[in-house]
Amino acid sequence: MSLNPLAPINVRFAGLGGTGVIKASDIFADVVFRLGHTVKKAEVHGMSQRGGSVQSDVRFGPEVHSPMIPDGACDFLVVLEPSQVEVVREGLRSGGVLLTPADIDVARLPTAKALNVALLGRLSRQFDFPEQNWRDSLRTHFAEKLHAANDKAFSLGRSV
Amino acid sequence: MHPSQDSSGRLLLSGNEAVALAALHCGVALGTGYPGTPSTEILEGFGALGGKAQWSPNEKVAAEVALGAAFARARVICTMKHVGLNVAADVLFTMTYSGVDGGYVLIVADDPGMASSQNEQDSRRYAEAAAAPMFEPADSQEAYDLLRTAFEVSERWHLPVLFRLTTRVCHSKSPVTPRFPVGVAPGETGAPTPEFIRNIAGRVMVPGHAKPAHKRLRAKLADLQAWNEAEGPNRVERRSAVLGVITGGISYHHVREAAPDASILKLGLSYPLPMKTLRDFAASVERCVVIEENDPWLATACRAAGLTVESKDDAIFRFGELNVDRVRRILAHDSSPEPMPPRGKPPELCAGCPHRSSFEVLKELDCIVSGDIGCYTLAALPPIAAMDMMIDMGAAVGMGLGLRHVLPRDQAKHVVSVIGDSTFLHGGLPGLVEMAYNPPATGHVLVILDNGTTAMTGQQEHPGTGRQLDGAATYQVSYEAMARAAGVKNVVTLNPIREKARFKELLAEALRKDELTVFIARSPCILAAGRIVAWQKELKAKEAAAASECGPDCTCGNAPGGAEEDGLEGNCRAASPDAAAGLDRAGCGDPAPQC
Chain W
7 MSLNPLAPIN VRFAGLGGTG VIKASDIFAD VVFRLGHTVK KAEVHGMSQR
57 GGSVQSDVRF GPEVHSPMIP DGACDFLVVL EPSQVEVVRE GLRSGGVLLT
107 PADIDVARLP TAKALNVALL GRLSRQFDFP EQNWRDSLRT HFAEKLHAAN
157 DKAFSLGRSV
Chain D
32 MHPSQDSSGR LLLSGNEAVA LAALHCGVAL GTGYPGTPST EILEGFGALG
82 GKAQWSPNEK VAAEVALGAA FARARVICTM KHVGLNVAAD VLFTMTYSGV
132 DGGYVLIVAD DPGMASSQNE QDSRRYAEAA AAPMFEPADS QEAYDLLRTA
182 FEVSERWHLP VLFRLTTRVC HSKSPVTPRF PVGVAPGETG APTPEFIRNI
232 AGRVMVPGHA KPAHKRLRAK LADLQAWNEA EGPNRVERRS AVLGVITGGI
282 SYHHVREAAP DASILKLGLS YPLPMKTLRD FAASVERCVV IEENDPWLAT
332 ACRAAGLTVE SKDDAIFRFG ELNVDRVRRI LAHDSSPEPM PPRGKPPELC
382 AGCPHRSSFE VLKELDCIVS GDIGCYTLAA LPPIAAMDMM IDMGAAVGMG
432 LGLRHVLPRD QAKHVVSVIG DSTFLHGGLP GLVEMAYNPP ATGHVLVILD
482 NGTTAMTGQQ EHPGTGRQLD GAATYQVSYE AMARAAGVKN VVTLNPIREK
532 ARFKELLAEA LRKDELTVFI ARSPCILAAG RIVAWQKELK AKEAAAASEC
582 GPDCTCGNAP GGAEEDGLEG NCRAASPDAA AGLDRAGCGD PAPQC
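Chains W and D, in that order, give the protein sequences. When we follow this note's numbering, the leftmost residue of the first sequence carries the number 7, and every step to the right adds one. When we follow this note's numbering, the leftmost residue of the second sequence carries the number 32, and every step to the right adds one.
Printed below as a string of structure tokens:
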């Protein structure tokens with residue numbers, strides 16, 4: 007991924023307040039942390055929850071210093087809201103992977119709110135982490151009544 | 032809090048969560064504070080972990096409650112955002128003189144870059160000005176570890192200490208290896224048992240006591256500085272002999288990434304500064320650079336001590352938070368224009384938010400709006416653009432009165448003060464008293480936007496919600512009774528959504544009169560409405576059991592509140608016969624729809 011074997015993997019989640027950006031980044035950070043990586047995660051709360059632009063950075067690897075991804079250094083950029091794709095695209099490094107709602111067959115989502123989980127499913131294809139780790143983490147982050155829908159959404163993204 | 036845990040027992044925690052856990056493990060007897068981004072989750076987390084945590088009406092009261100507990104030898108934390116320390120500054124500047132008997136850590140969260148604040152003031156200046164030791168953790172692990180050190184310092188020198196976080200430390204998550212709670216580890220004793228020991232000369236800060244207290248304070252700081260030199264939580268990392276960086280807080284991590292070969296002096300206790308350590312470090316490298324967010328406080332202190340250090344170009348880097356790219360620029364003396372961050376979508380009031388309705392009314396009546404701090408400040412932005420000023424918590428009332436006092440009559444008649452419920456109780460209450468004490472010739476109109484929660488910071492409880500931090504029922508203050516007790520004749524409660532036309536009509540009438548009017552625009556925050564309604568139902572069920580205690584005029588079937596014995600109107604939820612009259616109503620607090 008990078009010339010420096012110690013350099014962290016940089017994953018940014020972006021969207022608007024209320025679209026599940028923070029939740030998606032929490033789940034992703036949980037998955038990599040439980041696998042034994044050093045993880046740092048940065049985001050800004052406050053005004054962002056009123057429908058404004060939201061970003062959450064997750065960095066992991068053997069050594070992570072700043073919790074914030076430097077300019078143009080995202081290895082993966084997961085955008086949950088179509089209107090934000092062009093706004094945040096410049097954060098992606100050349101050769102980095104951009105995932106957007108266009109990568110998901112949204113008509114098949116069990117509920118529109120599960121788009122973040124479907125994109126996590128899509129992101130999961132980029133890593134060789136055991137699938138069960140993702141599914142376990144999903145369960146700890148949602149109420150039981152949402153488990154079935156999220157499992158389905160995750161499968162939808164992962165099977166793309 | 033259900034944090035991620037890895038197989039080696041490490042937890043993935045935000046800085047705020049780490050402080051909450053540390054407070055629990057330190058045996059903190061009481062946590063107080065007022066919500067404020069980015070500090071809010073500390074007290075909530077401490078409460079969720081089982082600690083005794085409570086929101087106060089404002090930071091000053093929170094700091095005073097904590098001080099009383101610390102006078103009784105208890106271990107306490109008090110949390111607030113940077114501007115909250117302005118409110119609590121009065122306590123701070125003299126409690127360093129008196130000192131404390133129990134450990135007192137005042138946690139203050141700065142917001143460089145103003146992610147959700149009205150300024151980017153630097154709390155390090157408070158440490159120096161008030162002579163309070165200041166700790167500055169760089170990440171969650173340090174936040175956890177340094178809180179314990181902060182208590183050790185506070186209890187050893189009998190001083191309240193400041194614990195400065197910044198937005199990125201508060202809200203970034205990183206791994207934390209927790210230690211044993213105090214009293215559990217071998218050789219450690221638990222937190223002290225509270226007890227009152229009289230010390231009039233030490234705690235009554237009249238000049239005769241305060242003069243020697245000031246000298247004691249300076250002697251303590253000199254002693255603490257010597258300790259900080261010898262064994263303080265500072266660290267020298269030797270790498271390059273060419274480039275050395277003096278830094279602390281989150282900037283440390285940016286420096287490690289931007290200049291991996293640089294030697295670093297990382298400060299953990301930044302006041303009183305370990306000047307000899309700084310001098311030795313600066314002399315040990317060819318080029319010494321101070322990297323700090325906000326004010327050039329550290330660089331100035333170094334230079335005042337005669338050290339040769341470089342610092343950031345304050346024409347550029349004093350503004351906003353630092354990051355890896357900016358630190359690279361500082362180290363490279365690159366003051367060229369920075370790339371503009373992409374323009375994201377600004378936040379806005381939620382669809383269905385009662386504030387939308389209220390501000391539509393204010394706009395339709397062409398009001399000059401003296402505003403305040405909360406979600407409703409978003410009404411200053413287009414397309415609503417119906418708030419004319421916002422400075423600090425509670426200022427809506429005073430600024431509105433000032434406008435009324437001096438503006439020509441035709442303009443003065445349009446001035447309205449608008450403030451949220453939590454903000455009113457925080458800082459607006461003295462303004463209400465001023466309003467009746469020095470009424471402008473044209474009268475005045477104050478609108479309290481009561482959405483039943485501290486919405487902006489994530490729906491915290493406050494004295495107007497009738498619930499404590501953990502949701503437990505408590506006395507619910509009545510804005511209506513407060514306004515009348517202050518001397519305001521006209522008090523109107525209405526629902527700004529369901530009674531929008533009435534609101535407009537009555538506001539227009541109030542603006543015409545040369546009298547004082549307080550409106551309580553009451554409709555729950557739509558994000559909190561479900562919780563509020565469920566709680567109200569529960570309360571109603573409880574009150575129904577005591578329905579027979581209601582007064583003869585009551586039509587609601589609910590029990591009167593506990594203040595009735597005091598001659599106040601208490602919590603009776605009946606709409607009085609005067610309610611329909613709107614202005615001049617003398618009924619009790621809540622609007623008819625709840626009855």
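Each residue gets a CB set at the ideal place from its N, CA and C atoms; glycine is no exception. This one's a predicted model, so the numbers in the text were calculated from it and none came from an experiment.
Let me know the secondary structure DSSP gives residue i once reduced to three states.
{"i": "leucine 22(W)", "result": "strand"}
{"i": "proline 88(W)", "result": "helix"}
{"i": "phenylalanine 34(W)", "result": "helix"}
{"i": "valine 564(D)", "result": "helix"}
{"i": "methionine 165(D)", "result": "strand"}
{"i": "aspartate 121(D)", "result": "helix"}
{"i": "tyrosine 283(D)", "result": "helix"}
{"i": "asparagine 47(D)", "result": "helix"}
{"i": "alanine 606(D)", "result": "Residue placement at alanine 606(D) is poorly supported in this model, since its pLDDT is 33, which falls under 50; the coordinates still yield a value, given next. Of the three classes helix, strand and coil, the one that applies to alanine 606(D) here is coil, per DSSP."}
{"i": "threonine 524(D)", "result": "strand"}
{"i": "isoleucine 322(D)", "result": "strand"}
{"i": "lysine 376(D)", "result": "coil"}
{"i": "glycine 233(D)", "result": "helix"}
{"i": "serine 147(D)", "result": "coil"}
Residues of chain D with CB under 8 Å from residue i, in chain order?
{"i": "aspartate 36(W)", "result": "Ser35 and Leu43"}
{"i": "leucine 22(W)", "result": "Lys376"}
Out of the options, point me to the one whose CA is closest to residue i's CA.
{"i": "leucine 304(D)", "options": "Pro327(D), Asn265(D) and Leu274(D)", "result": "Asn265(D)"}
{"i": "aspartate 63(W)", "options": "Leu98(W), Arg40(W) and Pro88(W)", "result": "Leu98(W)"}
{"i": "glycine 518(D)", "options": "Gly561(D), Ala467(D) and Tyr506(D)", "result": "Ala467(D)"}
{"i": "isoleucine 138(D)", "options": "Ala261(D), Ala105(D) and Leu196(D)", "result": "Leu196(D)"}
{"i": "histidine 285(D)", "options": "Asp356(D), Asp452(D), Ala504(D) and Leu570(D)", "result": "Asp356(D)"}
{"i": "glycine 58(W)", "options": "Ser72(W), Arg40(W) and Gly26(W)", "result": "Gly26(W)"}
{"i": "alanine 443(D)", "options": "Pro413(D), Gly451(D), Phe350(D) and Gly474(D)", "result": "Gly474(D)"}
{"i": "phenylalanine 550(D)", "options": "Gly561(D), Gln152(D) and Leu538(D)", "result": "Leu538(D)"}
{"i": "valine 85(W)", "options": "Leu152(W), Gly78(W), Leu104(W) and Ile75(W)", "result": "Leu104(W)"}
{"i": "arginine 498(D)", "options": "Leu570(D), Phe166(D) and Leu248(D)", "result": "Leu570(D)"}
{"i": "cysteine 398(D)", "options": "Leu480(D), Ser366(D) and Val446(D)", "result": "Val446(D)"}
{"i": "serine 185(D)", "options": "Asn469(D), Thr408(D), Leu558(D) and Val131(D)", "result": "Val131(D)"}
{"i": "glycine 489(D)", "options": "Val392(D), Gly46(D), Gly67(D) and Ala54(D)", "result": "Gly67(D)"}
{"i": "valine 464(D)", "options": "Asp121(D), Ala512(D) and Arg310(D)", "result": "Ala512(D)"}
{"i": "serine 165(W)", "options": "Leu129(W), Asn16(W) and Pro73(W)", "result": "Leu129(W)"}
Determine which residues share a DSSP beta bridge with residue i and list them.
{"i": "histidine 475(D)", "result": "Leu547(D)"}
{"i": "leucine 396(D)", "result": "BP columns for leucine 396(D) are empty, so no partner."}
{"i": "threonine 197(D)", "result": "Asp141(D)"}
{"i": "tyrosine 135(D)", "result": "Val107(D)"}
{"i": "methionine 420(D)", "result": "Ser401(D)"}
{"i": "tyrosine 302(D)", "result": "Met165(D)"}
{"i": "serine 509(D)", "result": "The partner list for serine 509(D) (beta bridge, DSSP) is empty, contrary to what the question assumes."}
{"i": "proline 206(D)", "result": "Leu43(D)"}
{"i": "alanine 504(D)", "result": "Arg498(D)"}
Just to make sure I have the definition right: I need the residues of chain W whose C-beta is within less than 9 Å of the C-beta of residue i. Which are they?
{"i": "arginine 374(D)", "result": "Ser59 and Val93"}
{"i": "proline 206(D)", "result": "Phe39, Thr44, Val45 and Lys46"}
Excluding the 5 residues preceding and the 5 following residue i in the sequence, name in chain order all residues of the same chain whose CB lies nearer than 6 Å to its CB.
{"i": "tyrosine 283(D)", "result": "Ala169 and Lys297"}
{"i": "alanine 486(D)", "result": "Cys406 and Cys556"}
{"i": "aspartate 545(D)", "result": "Thr473 and Gly474"}
{"i": "glycine 78(D)", "result": "Ala84, Leu500 and Asp501"}
{"i": "alanine 101(D)", "result": "Val107, Val131, Gly133 and Tyr135"}
Below 7 Å on C-beta distance, what does residue i contact in chain B?
{"i": "serine 72(W)", "result": "Protein chains W and D are contained in the structure displayed, whereas chain B is not."}
Who are the near neighbours of residue i in its chain, counting only those whose CB is closer than 7 Å to its CB and skipping five residues on each side?
{"i": "leucine 252(D)", "result": "Ala162 and Pro303"}
{"i": "valine 96(D)", "result": "Thr63 and Ser87"}
Excluding the five sequence neighbours on either side, which residues of its own chain have a C-beta within less than 8 Å of the C-beta of residue i, listed in chain order?
{"i": "alanine 313(D)", "result": "Gly275, Ile277, Cys319, Cys333, Leu338, Thr339 and Val340"}
{"i": "threonine 146(W)", "result": "Asp36"}
{"i": "arginine 156(D)", "result": "Asp326 and Trp328"}
{"i": "valine 114(D)", "result": "Gly67, Ser148, Gln149, Asn150, Gln152, Asp423 and Met424"}
Can you pull the chain D neighbours of residue i, defined as C-beta to C-beta under 7 Å?
{"i": "arginine 40(W)", "result": "Ser35 and Asp37"}
{"i": "glutamate 96(W)", "result": "Pro373"}
{"i": "aspartate 142(W)", "result": "What aspartate 142(W) touches in chain D: nothing, since even the nearest Cβ is about 11 Å away."}
Can you pull the chain W residues whose beta carbon is under 8 Å from the beta carbon of residue i, in chain order?
{"i": "arginine 3(D)", "result": "What is shown of chain D runs 32 to 626, which leaves residue 3(D) out entirely."}
{"i": "histidine 202(D)", "result": "Ala48, Glu49, Val50 and His51"}
Check the Cβ of residue i against every Cβ in chain W and list those closer than 7 Å, keeping chain order.
{"i": "serine 366(D)", "result": "Within 7 Å Cβ-Cβ: nothing; serine 366(D) doesn't reach chain W, min ~17 Å."}
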